[in-house]
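Below is one structure, written out as structure tokens; comments come after it.
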Amino acid sequence: MPFAQTNLPPLPLNGGCQCGQVRYAIHAMPILFYLCHCSACQTQTSSAFGESLRCDPATVTVSGMMRTTRRIAESGTVRLGDFCPDCGVRIQHRSEGDPGRLNIKAGTLDDASWLMPAGHVWTRSKQAFVTIPDDELRYLEGPDDGAAAMTARWRAMLGLDP
Ligand SMILES: [Zn+2]
Ligand SMILES: [Zn+2]
């Protein structure tokens, strides 16, 4: 295989915030895992990049109460961020008008050791000290194919497609 492989742990994938008020469980294989190097993700995470584990919302259950922030992206899309009001940890991102898509902030997984990104978006604003291996998919801005190539790579990394 020309690129990294990983193994999906047994389902469900459990996670939550730092104080334990919010807990979630992902009951089906996530659709995609990628890193976003855009300046909005850098600000939101107060770090170098955002981690997005894209899931079908119908496969995710959440317990506890979350609050939601709204931000209008450059594209005009309203981005929603759900976080624990007690400890402030961001749990997930959504877009208004796109109920079929949910991005779990993957650093909140109880076990994130198995994660390998299928690609990198918004590398135009990547921190200089972050090095992306040559064989990883990357996009200067958002993926121009609706993330089809990254999704295919993710499935191949998990050994689901030949
Ligand atoms: Zn909390
Ligand atoms: Zn971003």
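Mapped onto our numbering, the consecutive letters of the sequence shown carry residue numbers -13 to 148.
Cβ coordinates follow ideal geometry from the N, Cα and C atoms, glycine included.
Annotated as distal: Tyr20 and Met102, with beta-carbon spacing of 8 Å or more. Classified as exposed, Pro(-4) has fewer than 16 neighbouring CB atoms from the shown chains inside 10 Å of its CB. Its chain contains Cys3, Gln4, Phe69 and Thr94 as the residues whose beta carbon lies nearer than 7 Å to that of Val75, once the 5 sequence neighbours on both sides are disregarded; these appear in chain order. For Ser81, the uninterrupted beta strand (DSSP E) segment begins and ends at Arg76 to Ser81. Below 8 Å, enough C-beta pairs join the segment 35 to 47 and the segment 84 to 94 to call them touching: three or more. Across the set Ile58, Gly1, Ile17 and Gly67, the C-alpha of Ile17 shows the shortest separation from the C-alpha of Met143.
The shortest CA-to-CA distance from Gly1 to any of Asp121, Gly50, Ser32 and Tyr125 is the one to Gly50. For Thr54, the secondary structure class from DSSP, reduced to helix, strand or coil, is strand. Looking at the DSSP output, Arg40 bridges to Leu18 and Asn89. Listed in chain order, the non-local C-beta contacts of Leu126 below 7 Å within the same chain comprise Thr109 and Arg110, local neighbours out to five positions each way being set aside. Listed in chain order, the alpha helix (DSSP H) runs fully inside the segment 119 to 144 are 134 to 143, counting runs of at least 4 residues.
When the beta-carbon positions are compared, Ile12 and Leu(-1) come within less than 8 Å of each other.
When the alpha-carbon of Thr63 is set against those of Asp147, Gly145, Val8 and Arg80, the nearest one is in Arg80. Counting along the chain, the unbroken alpha helix (DSSP H) around Thr31 starts and ends at Ser25 to Thr31. Arg110 is not bridged by DSSP to any residue.
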